[in-house]
Amino acid sequence: MMALRSWFGGRSPREKRLLLVMAGLAIVTIVWSLILRPLGDAMAGARERHAAAVVRYGETSARVDALRDARAARVPLLTGSLADAVRARAEQAGFPLASLDPAGNDGVSVSIQSARGAALTAWLARLERAGIVVESATLTDNGDRTVAGRIMLRRRAA
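If you're matching positions, the sequence shown starts at 977 in our numbering and goes up one per residue.
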(Lines of atoms letter the chains of each structure in order from A and count residues from 1; the text may use other names and numbers.)
(Lines give C-alpha, C1' and ligand atoms only; values in the text may rest on other atoms or scores of the structure.)
Protein backbone atom coordinates (compact mmCIF):
# COMPACT_ATOMS: atom_id res chain seq x y z
CA MET A 1 0.00 0.00 0.00
CA MET A 2 2.95 2.29 0.77
CA ALA A 3 4.36 1.76 -2.70
CA LEU A 4 1.02 2.83 -4.22
CA ARG A 5 0.94 6.01 -2.11
CA SER A 6 4.45 6.96 -3.01
CA TRP A 7 3.74 6.26 -6.67
CA PHE A 8 0.55 8.38 -6.53
CA GLY A 9 2.36 11.12 -4.59
CA GLY A 10 5.02 11.33 -7.31
CA ARG A 11 2.42 12.32 -9.95
CA SER A 12 1.64 15.87 -11.03
CA PRO A 13 -1.71 17.42 -9.86
CA ARG A 14 -3.15 17.03 -13.36
CA GLU A 15 -2.22 13.32 -13.46
CA LYS A 16 -3.68 12.85 -9.97
CA ARG A 17 -7.03 14.32 -11.11
CA LEU A 18 -7.07 12.12 -14.22
CA LEU A 19 -6.26 9.01 -12.16
CA LEU A 20 -9.05 9.84 -9.67
CA VAL A 21 -11.54 10.40 -12.51
CA MET A 22 -10.42 7.12 -14.08
CA ALA A 23 -10.85 5.26 -10.76
CA GLY A 24 -14.31 6.83 -10.27
CA LEU A 25 -15.41 5.81 -13.77
CA ALA A 26 -14.05 2.30 -13.21
CA ILE A 27 -16.02 1.99 -9.96
CA VAL A 28 -19.21 3.27 -11.63
CA THR A 29 -18.71 0.81 -14.52
CA ILE A 30 -18.10 -2.11 -12.17
CA VAL A 31 -21.11 -1.25 -9.98
CA TRP A 32 -23.34 -0.90 -13.05
CA SER A 33 -22.18 -4.11 -14.73
CA LEU A 34 -22.00 -6.33 -11.61
CA ILE A 35 -24.97 -5.02 -9.56
CA LEU A 36 -27.41 -2.73 -11.35
CA ARG A 37 -27.66 -4.52 -14.68
CA PRO A 38 -28.23 -8.02 -13.22
CA LEU A 39 -30.82 -6.60 -10.80
CA GLY A 40 -32.63 -4.91 -13.68
CA ASP A 41 -32.63 -8.15 -15.69
CA ALA A 42 -33.92 -10.07 -12.69
CA MET A 43 -36.72 -7.54 -12.17
CA ALA A 44 -37.69 -7.72 -15.86
CA GLY A 45 -37.79 -11.51 -15.65
CA ALA A 46 -39.89 -11.33 -12.48
CA ARG A 47 -42.33 -8.96 -14.21
CA GLU A 48 -42.67 -11.35 -17.16
CA ARG A 49 -43.24 -14.35 -14.87
CA HIS A 50 -45.80 -12.36 -12.89
CA ALA A 51 -47.67 -11.35 -16.04
CA ALA A 52 -47.71 -14.97 -17.25
CA ALA A 53 -48.97 -16.11 -13.84
CA VAL A 54 -51.76 -13.53 -13.91
CA VAL A 55 -52.82 -14.75 -17.37
CA ARG A 56 -52.74 -18.40 -16.23
CA TYR A 57 -54.75 -17.49 -13.14
CA GLY A 58 -57.37 -15.72 -15.25
CA GLU A 59 -57.66 -18.66 -17.66
CA THR A 60 -57.93 -21.13 -14.78
CA SER A 61 -60.50 -18.97 -13.04
CA ALA A 62 -62.57 -18.81 -16.23
CA ARG A 63 -62.41 -22.60 -16.58
CA VAL A 64 -63.47 -23.08 -12.97
CA ASP A 65 -66.38 -20.69 -13.49
CA ALA A 66 -67.38 -22.57 -16.65
CA LEU A 67 -67.31 -25.86 -14.76
CA ARG A 68 -69.41 -24.35 -11.95
CA ASP A 69 -71.91 -23.04 -14.49
CA ALA A 70 -72.05 -26.42 -16.23
CA ARG A 71 -72.58 -28.18 -12.92
CA ALA A 72 -75.30 -25.69 -11.93
CA ALA A 73 -77.08 -26.11 -15.26
CA ARG A 74 -76.92 -29.89 -15.09
CA VAL A 75 -79.14 -31.61 -17.59
CA PRO A 76 -81.95 -33.70 -16.13
CA LEU A 77 -81.55 -37.42 -16.65
CA LEU A 78 -83.50 -39.02 -19.47
CA THR A 79 -86.77 -40.68 -18.66
CA GLY A 80 -87.78 -43.73 -20.65
CA SER A 81 -85.51 -45.78 -22.85
CA LEU A 82 -82.45 -44.37 -24.53
CA ALA A 83 -83.41 -45.94 -27.88
CA ASP A 84 -86.80 -44.18 -27.88
CA ALA A 85 -85.23 -40.84 -26.97
CA VAL A 86 -82.58 -41.14 -29.72
CA ARG A 87 -85.15 -42.23 -32.31
CA ALA A 88 -87.44 -39.28 -31.43
CA ARG A 89 -84.59 -36.75 -31.55
CA ALA A 90 -83.32 -38.15 -34.88
CA GLU A 91 -86.79 -37.89 -36.43
CA GLN A 92 -87.14 -34.38 -35.03
CA ALA A 93 -83.80 -33.41 -36.64
CA GLY A 94 -84.73 -35.10 -39.94
CA PHE A 95 -82.16 -37.91 -39.88
CA PRO A 96 -83.41 -41.27 -41.15
CA LEU A 97 -81.84 -43.98 -39.00
CA ALA A 98 -80.55 -46.99 -40.95
CA SER A 99 -80.28 -48.97 -37.70
CA LEU A 100 -80.68 -48.47 -33.97
CA ASP A 101 -79.36 -51.43 -31.96
CA PRO A 102 -78.94 -51.83 -28.21
CA ALA A 103 -75.28 -52.01 -27.19
CA GLY A 104 -74.12 -53.17 -23.78
CA ASN A 105 -75.34 -51.59 -20.59
CA ASP A 106 -77.67 -48.72 -21.38
CA GLY A 107 -76.18 -47.86 -24.76
CA VAL A 108 -77.30 -47.84 -28.37
CA SER A 109 -75.49 -48.08 -31.66
CA VAL A 110 -76.91 -45.80 -34.36
CA SER A 111 -76.22 -45.93 -38.08
CA ILE A 112 -77.08 -43.05 -40.43
CA GLN A 113 -76.49 -43.55 -44.16
CA SER A 114 -76.56 -39.97 -45.41
CA ALA A 115 -76.49 -36.62 -43.64
CA ARG A 116 -74.76 -33.26 -43.95
CA GLY A 117 -71.65 -33.28 -41.78
CA ALA A 118 -72.33 -29.96 -40.07
CA ALA A 119 -75.94 -30.87 -39.35
CA LEU A 120 -74.95 -34.26 -37.94
CA THR A 121 -72.29 -32.83 -35.63
CA ALA A 122 -74.72 -30.13 -34.46
CA TRP A 123 -77.28 -32.87 -33.69
CA LEU A 124 -74.63 -34.78 -31.71
CA ALA A 125 -73.88 -31.61 -29.72
CA ARG A 126 -77.59 -31.21 -28.93
CA LEU A 127 -77.68 -34.84 -27.76
CA GLU A 128 -74.75 -34.11 -25.43
CA ARG A 129 -76.58 -31.12 -23.97
CA ALA A 130 -79.68 -33.28 -23.47
CA GLY A 131 -77.85 -35.86 -21.35
CA ILE A 132 -76.90 -38.42 -24.01
CA VAL A 133 -73.16 -39.05 -24.18
CA VAL A 134 -71.56 -39.65 -27.57
CA GLU A 135 -69.10 -42.42 -26.73
CA SER A 136 -67.76 -42.77 -30.25
CA ALA A 137 -68.63 -41.50 -33.69
CA THR A 138 -67.20 -42.59 -37.01
CA LEU A 139 -68.13 -40.36 -39.93
CA THR A 140 -67.29 -41.45 -43.47
CA ASP A 141 -67.42 -39.19 -46.51
CA ASN A 142 -69.97 -40.34 -49.10
CA GLY A 143 -68.39 -38.25 -51.85
CA ASP A 144 -71.54 -36.19 -52.44
CA ARG A 145 -71.14 -33.60 -49.66
CA THR A 146 -72.78 -35.97 -47.19
CA VAL A 147 -71.41 -38.34 -44.59
CA ALA A 148 -72.41 -41.72 -43.25
CA GLY A 149 -72.19 -42.15 -39.51
CA ARG A 150 -71.79 -45.01 -37.07
CA ILE A 151 -72.38 -43.60 -33.58
CA MET A 152 -72.27 -45.21 -30.13
CA LEU A 153 -74.44 -43.39 -27.57
CA ARG A 154 -74.81 -43.89 -23.81
CA ARG A 155 -77.02 -42.42 -21.16
CA ARG A 156 -75.20 -39.86 -18.99
CA ALA A 157 -74.40 -41.25 -15.55
CA ALA A 158 -76.11 -39.65 -12.58
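The C-beta atom is built at its ideal place from N, Cα and C for all residues, glycine as well.
A quick note: this is a predicted structure, and the numbers were derived from the prediction, not measured.
At a cut-off of 3 residues, the continuous stretches assigned as beta strand (DSSP E) that sit fully inside the stretch 1050-1112 are 1073-1078 and 1083-1091.
The C-alpha of F984 lies about 18 Å from the C-alpha of I1003. With a cutoff of 8 Å on beta-carbon distance, T1122 and R1092 are scored as near each other. The C-alpha of P1072 lies about 7 Å from the C-alpha of I1088.
Looking from the CA of G1080, the closest CA among P989, G986, G1000 and R1130 belongs to R1130.
Of the candidates A1113, L1076 and A1106, the residue whose Cα lies closest to the Cα of A1046 is A1106. Taking a C-beta distance under 8 Å as the contact criterion, A1074 and W1099 do not qualify as a contact pair. Per DSSP, reduced to three states, the secondary structure at T1005 is helical. The beta carbon of S1112 sits closer than 6 Å to those of M1128, all from its chain and outside the five residues before and after it, given in chain order. G1034 sits exposed, since fewer than 16 C-beta atoms from the chains shown fall within 10 Å of its C-beta.
Annotation: A1022 to R1044 spans about 32 Å, alpha carbon to alpha carbon. Taking T1114 as the centre and dropping the five residues before and after it, the same chain places the C-beta of R1126 closer than 6 Å to its C-beta, in chain order. About 6 Å separates the Cβ atoms of L1058 and D1082, confirming a contact at the 8 Å cut-off. For V1086 against V1109, the beta-carbon gap comes to about 13 Å, at or over 8 Å, which does not count as contact.
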